[in-house]
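J.:
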Amino acid sequence: MLEISPTEWTAILLSLRVAVIATLVATPFGIALAWLLARRDFWGKSVLDAIVHLPLVLPPVVTGYLLLLTFGKRGMVGAWLADHLGIVFAFRWTGAALACGVMSFPLLVRPIRLSIEAIDRRLEQAAETLGAAPWRVFATVTLPLALPGVLAGMVLGFAKAIGEFGATITFVSNIPGETQTISSAIYSLIQTPEGDSAAGRLVIISVVIAMSALVAAEWFARRATARLHGH
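For the sequence shown, full-length UniProt numbering gives the first residue as 1, with consecutive numbering after it.
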């Protein structure tokens with residue numbers, strides 16, 4: 001029961017790689033979008049906010065199918081990337097990272113936005129009156145104060161990416177060694193005779209990773225609250 005097979009290790013390591021890449025690539029976009037939603041008022045802001053959170057309410061299979069239509073080899077964007085840059089997402093581990101990044105993006109953006117909204121605007125205005133450029137205000141005032149929220153968002157995004165299944169299997173299928181993550185491996189094992197033990201091991205590992213991520217996110221959120229209140 002406790003002995004992890006090479007196939008299971010492959011799925012675990014692939015899941016970790018996909019989740020890490022998805023989180024690291026999505027974070028800069030998440031910070032920029034969170035700042036835009038927190039600090040700017042513009043026409044269509046509610047629509048943009050709804051689009052950001054759409055993956056949370058859409059069936060994951062729908063999101064995966066939309067990704068396939070867009071980034072597949074014959075998709076609107078995927079065909080151009082494949083023909084001109086040689087980049088292929090469909091049925092590759094990079095596609096799994098893309099799907100996980102899209103599905104986890106709302107959970108990444110939300111804590112960052114809340115953290116930025118909680119920052120006292122007077123601190124930013126004081127830096128501006130001292131002659132700091134907007135980018136410098138963001139880099140030296142806003143981002144450091146929002147850092148616990150950024151870290152909390154990254155941890156939540158990572159946890160969501162680790163557990164993603166529906167969008168991933170729809171977009172990149174379930175190919176052992178290439179796109180088979182922990183979730184898709186469990187799905188395969190529960191349909192295999194005598195696969196219950198291996199599925200149980202992967203379930204336990206998934207629970208441990210998810211619990212660790214949630215505890216870490218809560219700790220970062222508390223740090224953010226304490227920092228903003230000067231504790």
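Glycine is no exception: its CB is placed at the ideal position from the N, C-alpha and C atoms.
1. What number of angstroms, rounded off, separates the C-alpha of A167 from the C-alpha of L58?
2. Among L56, Y187 and A19, which has the Cα closest to the Cα of G200?
3. Give me the Cβ distance between A19 and A217, rounded to the nearest whole Å; I'm assuming they're in contact under 8 Å.
4. Exposed or buried, L202, counting other C-beta atoms within 10 Å across all chains shown (16 or more means buried)?
5. Mind reading off the beta-carbon distance from L156 to A118? Whole number of angstroms is fine, and I expect it under 8 Å.
6. Nearest by alpha-carbon distance to S115: which of F42, V207, M76 and A38 is it?
7. What's the C-alpha gap between R122 and S104?
8. For S206, collect the residues of the same chain with a Cβ closer than 8 Å to its Cβ; drop the 5 residues on either side in sequence, then sort them by chain order.
9. Give the C-beta separation of V25 and V109 to the nearest angstrom, bearing in mind that I take them to be a contact with Cβ-Cβ under 8 Å.
10. Whole angstroms is fine: what's the gap from P176's alpha carbon to G149's?
11. Please list, in chain order, all residues of the same chain as T70 whose beta carbon is under 7 Å from its beta carbon, the five residues on each side excluded.
12. Looking at A159 and T97, is the spacing between their C-beta atoms short of 8 Å?
13. Alpha carbon to alpha carbon, how far is E128 from T142? Give it in angstroms, no decimals.
14. Check whether the region 84-92 and the region 1-11 touch, using three or more Cβ-Cβ pairs below 8 Å as the test.
15. Helix, strand or coil, according to DSSP, for E8 in the structure here?
16. Out of K45, T27 and A221, which one is the CA nearest neighbour of L145?
17. Just to confirm the assignment: which complete alpha helix (DSSP H) runs, minimum length 4, are found wholly within the region 109-177?
18. If we call anything under 8 Å between Cβ atoms a contact, is L68 one with F171?
19. What do you get for R113, buried or exposed, if any count of 16 or more other CB atoms within 10 angstroms of its CB means buried?
20. Check whether the Cβ atoms of A139 and P111 lie closer than 8 Å to each other.
21. Which two residues bound the contiguous alpha helix (DSSP H) that contains H53?
T.: Working from what's here:
1. Taking the first residue of the sequence shown as position 1, residue 167 is located at position 167. Taking the first residue of the sequence shown as position 1, residue 58 is located at position 58. Their backbone Cα atoms lie some 10 Å apart in a straight line.
2. The residue you call residue 200 lines up with position 200 of the sequence shown. Here the closest residue by C-alpha is Y187.
3. Stepping through the sequence shown from its first residue, residue 19 is reached at position 19. Stepping through the sequence shown from its first residue, residue 217 is reached at position 217. The pair is not a contact, with the Cβ atoms about 14 Å apart (cut-off 8 Å).
4. Position 202 of the sequence shown, counted from the first residue, corresponds to residue 202. By the neighbour-count rule (16 or more Cβ atoms within 10 Å), L202 is buried.
5. One-based indexing of the sequence shown puts residue 156 at position 156. One-based indexing of the sequence shown puts residue 118 at position 118. With 8 Å as the limit, L156 and A118 do not qualify as a contact, their Cβ atoms being about 17 Å apart.
6. In the sequence shown, the residue the question calls residue 115 occupies position 115. Among F42, V207, M76 and A38, the Cα nearest to that of S115 belongs to A38.
7. Stepping through the sequence shown from its first residue, residue 122 is reached at position 122. Stepping through the sequence shown from its first residue, residue 104 is reached at position 104. Approximately 32 Å between the Cα atoms of the pair.
8. Indexing the sequence shown from 1 puts residue 206 at position 206. Cβ neighbours of S206 beyond the five flanking positions: I162, G163, I182, S183 and I186.
9. By one-based count along the sequence shown, residue 25 stands at place 25. By one-based count along the sequence shown, residue 109 stands at place 109. Going by Cβ atoms, the distance from V25 to V109 rounds to 14 Å, so no, they are not a contact pair.
10. Numbered from 1 along the sequence shown, position 176 holds the residue referred to as residue 176. Numbered from 1 along the sequence shown, position 149 holds the residue referred to as residue 149. Using only the alpha carbons, I get a separation of about 35 Å.
11. For this step, residue 70 is matched to residue 70 along the sequence shown. These residues qualify, in order along the chain: M76, V77 and G78.
12. Along the sequence shown, read from residue 1 onward, the residue named residue 97 stands at position 97. Along the sequence shown, read from residue 1 onward, the residue named residue 159 stands at position 159. Checking the sequence shown, residue 97 turns out to be Ala, not Thr. No. Outside cutoff.
13. By one-based count along the sequence shown, residue 142 stands at place 142. By one-based count along the sequence shown, residue 128 stands at place 128. If I take the Cα positions, the gap works out to 12 Å.
14. no
15. Against the sequence shown, residue 8 aligns to sequence position 8. Helix, per DSSP.
16. In the sequence shown, residue 145 corresponds to position 145, counting from 1. Nearest C-alpha to L145: A221.
17. 121-129, 134-137, 143-163 and 166-172
18. Here residue 68 refers to the residue found at position 68 when the sequence shown is read from its first residue. Here residue 171 refers to the residue found at position 171 when the sequence shown is read from its first residue. Yes, the pair counts as a contact, with Cβ atoms nearer than the cut-off.
19. In the sequence shown, the residue the question calls residue 113 occupies position 113. The residue in question, R113, is buried, as its Cβ has 16 or more Cβ neighbours within 10 Å.
20. In the sequence shown, counting from the first residue as 1, residue 139 sits at position 139. In the sequence shown, counting from the first residue as 1, residue 111 sits at position 111. Taking 8 Å as the Cβ cut-off, A139 and P111 do not qualify as a contacting pair.
21. In the sequence shown, the residue the question calls residue 53 occupies position 53. Element bounds for H53: K45 to V57.
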